[in-house]
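Engineer:
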Amino acid sequence: MKINKEGYKIIGITGVVCVLLWWLMYYLLSQHSVSGLLWFGTLLIVLFWFFIVAFFREPRRVKIHDPELVFAPCDGRVVVTEVVHEHEYLDREMLQISIFMSITNVHMNWVPVGGTVEYFKYHPGRFLVAWHPKSSTENERTTTVVRTTSGKEVLFRQVAGLIARRIVSYMKVGAPVEQNSVCGFIKFGSRIDILIPKDSELLVEIGDPVIGSQTPLARLK
Numbered sequence: 052m053k054i055n056k057e058g059y060k061i062i063g064i065t066g067v068v069c070v071l072l073w074w075l076m077y078y079l080l081s082q083h084s085v086s087g088l089l090w091f092g093t094l095l096i097v098l099f100w101f102f103i104v105a106f107f108r109e110p111r112r113v114k115i116h117d118p119e120l121v122f123a124p125c126d127g128r129v130v131v132t133e134v135v136h137e138h139e140y141l142d143r144e145m146l147q148i149s150i151f152m153s154i155t156n157v158h159m160n161w162v163p164v165g166g167t168v169e170y171f172k173y174h175p176g177r178f179l180v181a182w183h184p185k186s187s188t189e190n191e192r193t194t195t196v197v198r199t200t201s202g203k204e205v206l207f208r209q210v211a212g213l214i215a216r217r218i219v220s221y222m223k224v225g226a227p228v229e230q231n232s233v234c235g236f237i238k239f240g241s242r243i244d245i246l247i248p249k250d251s252e253l254l255v256e257i258g259d260p261v262i263g264s265q266t267p268l269a270r271l272k
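Note that the working numbering has the sequence shown beginning at 52, numbered continuously upward.
1) Specify the secondary structure class of Tyr221 as computed by DSSP and reduced to three states.
2) With DSSP run on the structure shown, which of helix, strand or coil describes Arg143?
3) Verify whether the separation of the beta carbon atoms of Ala269 and Ile148 is less than 9 Å.
4) Considering only their Cβ atoms, is the gap separating Pro124 from Ile243 smaller than 9 Å?
5) Looking only at C-alpha atoms, which of Glu144, Leu95, Met159 and Val168 sits nearest to Glu229?
6) Say whether the region 246-264 touches the region 193-208, bearing in mind that this needs 3 or more beta-carbon pairs closer than 8 Å, one atom from each stretch.
7) By the three-class DSSP mapping on this structure, what secondary structure does Glu57 have?
8) Would Ile218 and Gly235 be called neighbours here (beta carbons separated by less than 9 Å)?
9) Check whether the region 134-145 touches the region 93-103, counting contact only when three or more Cβ pairs, one atom from each stretch, lie closer than 8 Å.
10) Between which residues of its own chain and Arg111 is the CB-CB distance below 6 Å, once the five residues before and five after are set aside?
11) Express the C-alpha separation of Phe171 and Met222 in angstroms, rounding to a whole number.
12) Just to confirm, is the Cβ distance from Asn231 to Ser201 under 9 Å?
13) Judging by CA-CA distance, which residue of Ile237, Val164 and Met76 is the nearest neighbour of Arg108?
14) Contact check, Ile150 vs Gly127 under 8 Å by CB: the rounded distance?
15) Out of Thr132, Val224, Glu204 and Val233, state which residue places its alpha-carbon closest to the alpha-carbon of Asn55.
16) If you run the structure through DSSP and keep just helix, strand and coil, what is Ala215?
17) If you run the structure through DSSP and keep just helix, strand and coil, what is Phe151?
Laid out in structure tokens, this is it:
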């Protein structure tokens, strides 16, 4: 299993904490001959550390290129499909598709369309639960707009959740980006909003599971 580079530091620190915790537990319990409890505690510590390692897994996926399609930028489940007015940059009505990522999902993020990064901004903010309607405008988040080769503008936001406290984006204004290339990482539970032209053909419904870089969300017209 390949591990994403964003997890190296956290995995290392967590590993050290787990070892120290185990030594403390061993010291306290071995004096009272509670071997059963020691084994149970050891199992919990090992499972917790393996969960942290698994969270930063980096799956191998086939890169799909189709300029007419908008692909899911993350693993998760569709929680919103609605027309909204985008105020930050585009200032017009767009079709919004929101995907919620649970802590068990792969948290790598991919670029939903190919083109050129036209706009990028990081917003500090709150840490409301990711499915809260105000999380898209009040939570810590990044906003990226990619202009496709056909001139379409697609906006997507990485939104931090209640547990997520670190958003990583590799986007730079003016840089060309390849469809379904890695664009960032969100650490521990969050969501991504994708805003596309409202006349696009929607290919998913609320509740649908999606796979990042593999599931088409919509077709651009």
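Just so you know, even glycine gets a beta-carbon here, dropped at the ideal spot from N, CA and C.
Structural biologist: Taking the coordinates as given:
1) coil
2) strand
3) yes
4) yes
5) Val168
6) yes
7) helix
8) yes
9) no
10) none
11) 7 Å
12) no
13) Ile237
14) 4 Å
15) Val233
16) With a pLDDT of only 48 at Ala215, under the threshold of 50, the placement of this residue in the model should not be trusted; the figure read from the coordinates follows. Correct three-state label for Ala215: coil.
17) strand
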